[in-house]
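Report on the following structure.
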Amino acid sequence: MSSNEDGAAFDYIVVGGGSAGCVVTNRLVDRQGARVLLLEAGWPDDNPMIRMPAGFIKFLNGSKFLTEHLAVPQEQLGGRRPAIWQGNVLGGGSSVNAMVYMRGRPADYDHWDEVTGGAGWSWADMLPYFLRQEANQRFNNPMHGIDGPLRVSDPVHVAEMSYIYLRTMQAQGVKLVDDFNAGDQRGVGFMQTTTYPRVRCSAVRAFLDPVRGNRNLEVKTRAKVTRVLFEGRRASGVEHRIDGATHTARATRAVILTAGAFVTPQLLMLSGIGPAAHLREHGLEVLVDAPGVGANLHDHHEVPLIASTDRNYGYFKEDRGWRMLANGLNYLLFKGGPVASGGVDACAFVNPQEPAGEPTIKLYCVPLVYGDKEVLNREPMPGVTFTSCVLQPKARGSVRLRSADPLDLPLVDPNYLGHPDDMRLQVDALLHARTVMRTRPMADTIVEELLPGAAVVDREGLEEHCRRTVKTNWHPCGTARMGRAGDPMAVLTPDLAVKGVEALHVLDASLMPTVPHGNTNAPTMAAADRAVDKLLGLNL
């Protein structure tokens with residue numbers, strides 16, 4: 000990779016080396032021959048644990064590869080401050096997530112298309128980008144690709160509890176689904192992941208590595224962008240810090256923000272684009288009064304139901320002592336065993352309020368006791384956790400500036416359970432999870448409901464359990480959403496240009512008007528791919 004002096008010019012500067020940033024960089028360098036500077040605030044992805052599918056679990060108790068965004072006190076949760084971890088490493092979430100490959104449902108993208116006035120964001124518009132990116136291990140049909148750079152495969156190691164879960168859901172009349180990404184999610188099944196052959200396929204491996212040696216690309220890690228620079232109303236470059244020193248870089252064509260749903264709106268505001276009164280509170284000059292910047296934050300949230308089991312059917316103590324050594328050796332020699340697992344193999348898409356209706360809950364089956372140890376207050380034991388993830392929360396939160404110091408983390412208000420319908424659905428999902436726990440063959444394995452506990456039966460008690468335990472499913476989005484030209488809360492045009500300025504674009508999950516019904520990594524990468532074509536005026 001070439002080295003450039005401070006203030007040197009590139010065609011494009013991409014801010015954020017996560018899932019979207021890697022896709023955008025690949026397309027601009029490989030397909031357009033553009034000179035690109037990719038700036039990532041986090042660390043290089045050179046830790047071997049990142050390549051191991053189960054390696055990310057070691058990061059969950061705290062790691063330099065994760066940034067902890069501690070929410071502002073949540074009044075509706077009794078003042079709790081849930082933590083939302085985000086990737087702090089090249090590859091972003093794709094380097095530290097559970098690798099689930101999930102697209103959502105066609106109606107998700109048809110809604111995006113409606114919100115943008117038919118601008119080309121429908122399922123029919125998006126599907127070709129999912130296909131182009133994908134190299135699927137098992138499927139080769141009109142809904143899946145086999146020649147793309149993103150490796151997608153079936154689970155290698157499946158816990159016994161996951162099979163029990165599949166049989167139990169079928170006993171309840173839930174159909175077995177072979178492919179959650181074929182357009183109809185409802186049912187129960189195994190989730191495909193971005194792993195193959197038995198290693199994590201992050202956005203770095205899929206999209207950035209193939210262009211790393213290109214002389215037109217420069218990648219800098221530990222490079223914290225502090226603001227976008229403008230000449231008049233045209234974005235002309237960025238200011239960034241490396242090892243405490245301030246640098247600038249110029250972009251002759253465009254600056255592209257792919258720093259994620261928390262940092263992208265923060266950067267916009269630090270650069271003078273955001274709610275005018277809020278910017279003035281922090282002494283910032285207002286370039287564009289954009290009330291939608293930092294608004295519309297929403298995230299899949301989940302609440303656990305936890306039970307102990309009569310023996311280990313999953314991953315209890317598989318990461319400790321001699322079992323850890325044996326599993327590590329198994330993986331190193333044969334790429335098998337629990338280390339080849341993402342920790343969760345199976346899920347179901349259900350509607351606990353209207354069983355025949357469209358799914359409103361994604362019910363994960365986690366083959367161990369998984370939850371806040373302080374809330375659980377029990378010694379470790381074998382068990383199972385059912386996490387009920389609300390697919391379309393109605394509450395909306397926000398991202399705001401903590402200060403004008405770009406090194407301060409933004410103020411994040413996820414507003415979990417801030418809408419009464421979200422609370423009702425979360426409680427109904429808990430009740431549904433209880434029916435799963437009490438249905439054979441699952442019931443044959445259960446010793447005791449640990450959380451919320453069998454004594455908690457009324458809705459008031461279950462609501463309190465939700466307030467104590469609700470947490471992120473790590474899918475924040477929507478904080479710089481796209482929309483029609485006349486939509487005052489839309490930050491972006493349908494082509495993902497920032498309104499009110501020139502040569503500035505947002506191509507990460509911030510752009511999403513609404514979160515898809517599923518994990519957001521695959522949709523973020525496909526949307527970024529589609530966005531580059533829009534940016535360049537290309538058709539697939």
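Numbering (numbering that gives the first Met the number 0), first residue to last: 0 to 539.
All C-beta atoms in this analysis are idealised placements derived from N, C-alpha and C, irrespective of residue type, glycine included.
**Request:** Could you have a look at Gly259 and say whether DSSP puts it in helix, strand or coil?
**Result:** helix
**Item:** Completely contained beta strand (DSSP E) runs for the segment 89-176, where each covers 3 or more residues
**Value:** 133-135 and 149-151
**Request:** Using 10 angstroms around the beta-carbon of Ser1, count the other beta-carbons present and answer buried if the total reaches 16, otherwise exposed.
**Result:** With a pLDDT of only 35 at Ser1, under 50, the local geometry of the prediction cannot be trusted, and the value read off the model is given with reservation. Result: exposed.
**Request:** Would you kindly work out how many angstroms separate the C-alpha atoms of Arg395 and His110, rounded to a whole number?
**Result:** Linking Arg395 to His110 through their CA atoms gives a straight-line distance of about 17 angstroms.
**Request:** With a floor of 3 residues, list each beta strand (DSSP E) that falls wholly inside the segment 237-317, ordered by position along the chain.
**Result:** 244-256 and 300-308
**Prompt:** Mapping DSSP to helix, strand and coil, what is Thr386?
**Reply:** strand
**Asked** What's the gap between the Cα of Ile56 and the Cα of Pro475?
**Response** Answer to the nearest angstrom: the Cα atoms are 20 angstroms apart.
**Item:** Length at least 4, wholly inside the segment 426-508: the alpha helix (DSSP H) runs in chain order
**Value:** 458-468
**Request:** Hey, could you find the ends of the beta strand (DSSP E) Ile49 is sitting in?
**Result:** Careful: Ile49 lies outside any beta strand (DSSP E), inside the alpha helix (DSSP H) at Pro47 to Arg50.
**Message:** I believe Gln136 touches Val151 by the beta-carbon criterion, under 8 angstroms. Please report the beta-carbon distance rounded to the nearest angstrom.
**Reply:** 7 angstroms
**Request:** Indicate the three-state DSSP secondary structure (helix, strand or coil) for Ser397 in the structure shown.
**Result:** strand
**Prompt:** For the candidate residues Ala40, Thr471 and Val531, whose alpha-carbon lies nearest to that of His557?
**Reply:** Limits of the chain in this structure are 0 at one end and 539 at the other, which puts residue 557 out of reach.
**Start-to-end residues for the alpha helix (DSSP H) that takes in Arg529** = Asn520 to Leu535
**Asked** What's the gap between the Cα of Ala294 and the Cα of Thr478?
**Response** 5 angstroms
**Message:** Tell me the residue span of the beta strand (DSSP E) that contains Ala345.
**Reply:** Ala345 to Val349
**Message:** Tell me the DSSP secondary structure of Thr542 in three-state form.
**Reply:** Only positions 0 to 539 of the chain appear in this structure, which leaves residue 542 out of reach.
**Asked** Out of Gly271, Lys316 and Val389, which has the shortest C-alpha to C-alpha gap to Pro303?
**Response** Val389
**Item:** Inter-stretch contact at 8 angstroms, needing at least 3 Cβ pairs: the segment 232-241 / the segment 499-506
**Value:** yes
**Item:** Limits of the alpha helix (DSSP H) - the one that Thr24 falls within
**Value:** Ser18 to Asn25
**Request:** Please state if the CB of Cys346 and the CB of Leu362 are separated by a distance shorter than 9 angstroms.
**Result:** Contact flag set, yes.
**Message:** Mapping the DSSP letters down to three states, classify Leu38 as helix, strand or coil.
**Reply:** In the three-state scheme derived from DSSP, where H, G and I count as helix and E and B as strand, Leu38 is classed as strand.
**Prompt:** To which residues of the same chain is Arg310 closer than 7 angstroms at the C-beta, ignoring the five residues directly before and after it?
**Reply:** Pro381
**Asked** Using 8 angstroms as the Cβ pair cut-off and three pairs as the minimum, do the segment 250-268 and the segment 477-493 touch?
**Response** As far as the Cβ criterion goes, the segment 250-268 touches the segment 477-493, which means the pair count is three or higher.
**From Thr251, Val227, Arg252 and Ala250, residue whose alpha carbon lies closest to that of Arg240** = Checking every option, the nearest Cα to that of Arg240 belongs to Val227.
**Prompt:** Which one or two residues does DSSP pair with Cys200 in a beta bridge?
**Reply:** In DSSP, Cys200 forms no bridge with anything.
**Message:** What would DSSP say about Gln391, mapped onto helix, strand or coil?
**Reply:** coil
**Asked** Tell me, which residues are paired with Tyr11 by DSSP?
**Response** BP columns for Tyr11 point to Val35 and Ala253.
**Item:** Residues near Ile445 by beta carbon distance below 7 angstroms, same chain, minus five either side
**Value:** Ala306, Thr308 and Met436
**Under the three-state DSSP convention, the category Lys219 falls into** = strand
**Message:** Assuming Gly17 and Ala202 are in contact, meaning their beta carbons sit under 8 angstroms apart, how far apart are those beta carbons, in whole angstroms?
**Reply:** 7 angstroms
**Request:** Sort out for me which residues DSSP pairs Thr192 with in a bridge.
**Result:** Val99 and Ser152
**Message:** By DSSP's criteria, Val541 is part of a beta bridge. Which residues make up the other side?
**Reply:** The displayed coordinates of the chain run from 0 to 539. Any statement about residue 541 would go beyond what the structure contains.
**Arg249 versus Val14: straight-line alpha-carbon distance, rounded** = 12 angstroms
**Prompt:** For the segment 77-96 against the segment 57-66, are there 3 or more C-beta pairs whose distance is under 8 angstroms?
**Reply:** yes
**Item:** Residues that DSSP places opposite Val187 in a beta bridge
**Value:** DSSP lists Leu175 and Ala347 as partners of Val187.
**Request:** Could you check the C-alpha separation between Thr115 and Ala8 for me, to the nearest Å?
**Result:** 33 angstroms
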